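These notes concern the structure reproduced below.
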Amino acid sequence: MNRRYFLYGLPTAALSAFGYVTLIEPRWLAETWKTVRTGRNLRRPLRIAHLSDLHASYTVPISFLETAFRQALAMQPDMVCLTGDYVTTNADFDQKRYESALATLANSVPVYAVLGNHDGGSWAARSGWHASHVYVRNMLTRSGIHVLHNDAIRLDVQGQPLWLVGVGDWWSEELSAGLAFAKVSVPDAPVLVMSHNPDGKEDCAPYAWDLMLCGHTHGGQVMLPGYGTPMPPLVDMRYLAGLNPFENRWIHTSRGVGNISGIRMNCRPEISMLLVS
1259 MNRRYFLYGL PTAALSAFGY VTLIEPRWLA ETWKTVRTGR NLRRPLRIAH
1309 LSDLHASYTV PISFLETAFR QALAMQPDMV CLTGDYVTTN ADFDQKRYES
1359 ALATLANSVP VYAVLGNHDG GSWAARSGWH ASHVYVRNML TRSGIHVLHN
1409 DAIRLDVQGQ PLWLVGVGDW WSEELSAGLA FAKVSVPDAP VLVMSHNPDG
1459 KEDCAPYAWD LMLCGHTHGG QVMLPGYGTP MPPLVDMRYL AGLNPFENRW
1509 IHTSRGVGNI SGIRMNCRPE ISMLLVS
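If you're matching positions, the sequence shown starts at 1259 in my numbering and goes up one per residue.
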């Protein structure tokens, strides 16, 4: 290739790369299947769909989230767990259509949720958005989604018991593990924890649980070859993405469905099916 063709080709290559990271990869949903062995000897694996960081906004249209929900339901889960950040700010999405999409999901399968740092609280307030998470929480409950905020519930999932614990957001300083685990007096079944931020694991470490579901990181969102993410969103980078061990138990960090700023690079959005046995 001579110098002229090389220089003429640079703008085309740059435009192609920009188009890929803004138009293609952010909409290229990956379906991941993972087996989590808890040693609880369940009669059959529980099928738990894990979605996180929906970030309804001008860069994540409701139509894309509707597609994600349809794909999640097609994976035939026993239940769906949503681990926070349903919005980015407080004004750039169609609330009625969003609630309708969430309701369609909740009308098909039991859905449980925790709140993230974008959903209200001290962190969101400092960013100029909702100081209270009542707005997002009400939107979820109106859609038929059960929100666990420093609370726990004992479920019967296809004839098998499961403790589900949901804690507040760590960045928002609302994580109260003692309050959340107070009801789990006898962990006679698998204990699944939902925590938006995986850095909240240390607060929950003194309590008995088998699997923690997290989001927040977007898997890094932009992963530069040979370097990784330029803006790590957590302290313990071992839990940036995927299924990873933690003190004889497991943490699953979703790469998330949505994004911030409309860009993804080497980090596709993700719907996960966890087979918990």
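No residue lacks a Cβ here, since even glycine has one placed at the ideal position from N, Cα and C. Quick caveat: nothing in here was measured; it's all calculated off a predicted structure.
Burial state of residue i, where buried means 16 or more other Cβ atoms lie within 10 Å
| i | result |
| --- | --- |
| A1389 | exposed |
| V1345 | buried |
| K1459 | buried |
| W1286 | exposed |
| E1431 | exposed |
| G1516 | buried |
| R1507 | buried |
| I1529 | buried |
| L1281 | exposed |
| D1446 | exposed |
| F1276 | exposed |
| Y1263 | Interpretation of Y1263 is limited by its pLDDT of 47, a score under 50 that renders its predicted location unreliable; the figure taken from the coordinates is listed afterwards. The residue is exposed, with fewer than 16 neighbouring Cβ atoms inside 10 Å. |
| M1484 | One detail in the question is off: residue 1484 reads as Gly in this sequence, not Met. G1484 comes out exposed. |
| D1343 | buried |
| P1490 | exposed |
| V1493 | exposed |
7 Å Cβ shell around residue i - same chain, five flanking residues per side excluded
| i | result |
| --- | --- |
| L1532 | K1292, V1294, I1306, H1308 and H1510 |
| S1380 | S1430 and E1431 |
| R1301 | Q1418 |
| T1317 | N1517, S1519 and G1520 |
| T1399 | V1405 |
| V1449 | W1421, V1423, V1442, A1466, W1467 and D1468 |
| M1481 | T1487, M1523, N1524 and C1525 |
Rounded straight-line distance, which links the Cα of residue j to that of residue i
| i | j | result |
| --- | --- | --- |
| G1486 | A1499 | 12 Å |
| A1361 | H1313 | 17 Å |
| R1522 | N1396 | 30 Å |
| V1394 | G1402 | 13 Å |
| M1470 | G1520 | 28 Å |
| R1355 | L1331 | 18 Å |
| R1496 | V1442 | 28 Å |
| N1375 | H1454 | 8 Å |
| G1424 | S1434 | 10 Å |
| L1265 | Y1278 | Confidence is the limiting factor: at L1265 the pLDDT is only 44, short of 50, which leaves the residue's position unreliable, though a coordinate-based value still follows. Going from the Cα of L1265 to the Cα of Y1278 covers about 21 Å. |
| A1438 | V1392 | 19 Å |
| N1299 | C1339 | 22 Å |
| V1372 | D1350 | 21 Å |
| L1413 | D1336 | 11 Å |
| V1415 | L1304 | 8 Å |
| V1444 | G1436 | 14 Å |
| C1462 | G1297 | 20 Å |
| M1333 | Y1370 | 17 Å |
| F1327 | D1377 | 20 Å |
Residues that DSSP places opposite residue i in a beta bridge
| i | result |
| --- | --- |
| R1507 | F1504 |
| C1339 | H1308 and Y1370 |
| I1529 | E1289 |
| L1315 | Checking the displayed sequence, the identity of residue 1315 turns out to be Ser instead of Leu. DSSP, once it has assigned bridges, lists V1318 as partnering S1315. |
| V1515 | BP columns for V1515 are empty, so no partner. |
Beta-carbon proximity list for residue i, same chain, < 6 Å, skipping 5 on both sides
| i | result |
| --- | --- |
| S1252 | Residue 1252 cannot be examined here, being either before or after the span of the chain that is shown, 1259 to 1535. |
| G1477 | A1499, R1513 and C1525 |
| T1347 | W1387 |
| W1428 | N1455, D1457 and G1458 |
Beta-carbon proximity list for residue i, same chain, < 8 Å, skipping 5 on both sides
| i | result |
| --- | --- |
| A1440 | A1410 |
| I1320 | A1314, F1351, D1352, R1355, Y1356 and A1359 |
| P1223 | Residue coverage of the chain in this structure runs from 1259 to 1535, which leaves residue 1223 outside it and unanswerable. |
Any alpha helix (DSSP H) of 4 or more consecutive residues that is wholly inside the segment 1441–1469: 1459–1462
3-residue-minimum beta strand (DSSP E) runs that sit fully inside the segment 1349–1437, ordered along the chain: 1369–1372, 1409–1415 and 1418–1424
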